[in-house]
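Participant: Sequence positions in the sequence shown follow our numbering and run 1235 to 1584.
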Amino acid sequence: MEKTICITGGAGFIGSHVVREFVKKYPHYRIINIDALTYAGNLENLRDIEQEPNYSFVKADITDAAHILSIFQEYQPDGVIHLAAESHVDRSITNPTAFVMTNVIGTVNLLNAAKEIWKDNYEGKRFHHVSTDEVFGALGDTGLFTEDTKYDPHSPYSASKASSDHFVRAYHDTYGLPIVLTNCSNNYGPNHFPEKLIPLCIHNILNEKPLPIYGDGKYTRDWLFVIDHAKAIDLVYHQGKNGDSYNVGGFNEWQNIDLVKELCRQMDEKLGREEGTSAKLIAFVKDRPGHDLRYAIDARKINQELGYQPSVTFEQGLSITIDWFLNNEEWLNNVTSGDYQGYYEKQYKG
Ligand code: NAD
Ligand code: DAU
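1) Tell me where the beta strand (DSSP E) around HIS1363 begins and ends.
2) How is the beta strand (DSSP E) around GLN1310 delimited, first residue to last?
3) From what residue to what residue does the beta strand (DSSP E) around SER1479 run?
4) In the structure shown, what three-state DSSP assignment does ARG1281 receive?
5) How far does the alpha helix (DSSP H) with ALA1517 in it extend, from its first residue to its last?
6) Out of THR1336, HIS1251, SER1512 and ARG1403, point me to the one whose CA is closest to ARG1499's CA.
7) Who are the Cβ neighbours of VAL1338 in its own chain at under 6 Å, not counting the five residues just before and after it?
8) Would you call the CB atoms of TYR1471 and VAL1414 closer than 8 Å?
9) Between ILE1296, PHE1247, ASN1288 and GLN1489, which has its C-alpha nearest TYR1606's C-alpha?
10) Does ASN1355 pass the burial test, meaning 16 or more other C-beta atoms within 10 Å, or should it be called exposed?
11) Can you tell me whether VAL1323 sits near the ligand DAU, meaning its C-beta is under 7 Å from at least one heavy atom of the ligand?
12) According to DSSP, is ASN1425 part of a helix, a strand, or is it coil?
13) Should ASN1222 be listed as close to the ligand NAD, given that the test is whether its C-beta is under 7 Å from any heavy atom?
14) Can you have a look at LYS1465 and say buried or exposed, based on whether 16 or more other CB atoms are within 10 angstroms of its CB?
15) Would you kindly report the start and end of the unbroken beta strand (DSSP E) that includes LEU1415?
16) Hey, how far is the Cα of LYS1349 from the Cα of ASP1407?
17) Going by DSSP, what residues sit across from ASN1546 in a beta bridge?
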């Protein structure tokens, strides 16, 4: 094999698409998926590629520094693409410490292990940290986040991701570790865990349950199809400038209420329900504390420097996503049984 790349969090939503992209596109790379398989990690997401000769899975928790170092010593990766994280803002409000452990300590453990095995010989090496636009805080009605926007995180989740971004840059500035960062907007697509807005609403529409909209529903997010995020990571991993960060987004802003109405429209059509049926399920509920009003990415740098462009429109991406959920009901039933029920009742009680 020409190169070995460790991808952390490869059993999660975005990670599984990144693993698939790399395993298929680069048969001459050895891809090692390192994942602790938390509630959000699911090897079902990778069934179609798990037999590929260039793919291996290692179960490991990135908070376990010794285990991570031993894996790196064994596999000697040339590259690390780091996606493992606690990723859900609402869970960070009820349990911030878990976010510090995985997102901050776990990231530092990976940086230490990479630095240790690369031993200051950084030729052909790269640590790619996958991060979020939430580190930039909240926008008002206008403006976009650029790579130079000052960090201003508000939730425990975004504070932990901001901290991890700072550590990655600090290892570059202090030890010369070769790094790149991507800060992406909201993803959606197949395999999305139904705690996040879009898959939660798809699940609830299917089950004719209320669609909980926080506050007045005017909060705005910039949505990108997950496979387009995976393609951006591929591009930046291979062609991004050492030490740089790249914002990734779809120039695709939606207020939550309009997005959910569009989802209802497409689902009614696909399910053969009368128009307006699913929208009747919309229910305005208690707001998220510290809810950021608006995120929107200025994605000109990745476009102009690396030629990046999303491959699908939002309408196409949403349609592919809904079809995937309709064709994978068993996946949805599996991930919404067990612990999910308890989480859901606690989060949406009242
Ligand atoms: P996810 O919650 O779906 O998956 C996270 C994965 O990390 C899971 O497979 C889980 O098992 C694994 N994991 C969690 N803790 C771990 C630990 N301690 N050790 C090893 N593995 C662990 O998350 P996602 O939505 O796929 O996000 C992936 C990354 O992309 C995260 O870093 C997130 O901050 C970032 N990101 C997400 C979005 C989004 O819209 N979902 C947007 C921008 C950036
Ligand atoms: O912007 C990138 C971020 O996008 C990622 O870094 C995070 O990992 C990812 O979870 C996502 O964060 P959000 O908080 O924006 O995603 P979520 O799907 O939880 O919420 C999207 C919007 O919908 C937000 O304004 C909150 C609102 N919402 C969410 C849920 C779960 C509701 O109104 N009702 C809900 O039930």
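Backbone N, C-alpha and C define an ideal beta-carbon position, used for all residues, glycine too.
Facilitator: In short:
1) 1360-1366
2) GLN1310 -> no beta strand (DSSP E), and no H or E assigned at all.
3) 1479-1482
4) coil
5) That residue, ALA1517, is in no alpha helix (DSSP H); its beta strand (DSSP E) goes 1516-1519.
6) SER1512
7) SER1394, SER1397 and SER1398
8) yes
9) Since the first residue of the chain shown is 1235 and the last is 1584, residue 1606 is not available in this structure.
10) exposed
11) yes
12) coil
13) Examination of residue 1222 is not possible in this model, given that the chain is present from 1235 through 1584 alone.
14) buried
15) 1413-1418
16) 13 Å
17) The amino acid at residue 1546 is misidentified as Asn; the sequence shows Val. Note: VAL1546 sits in no beta bridge, so no partner.
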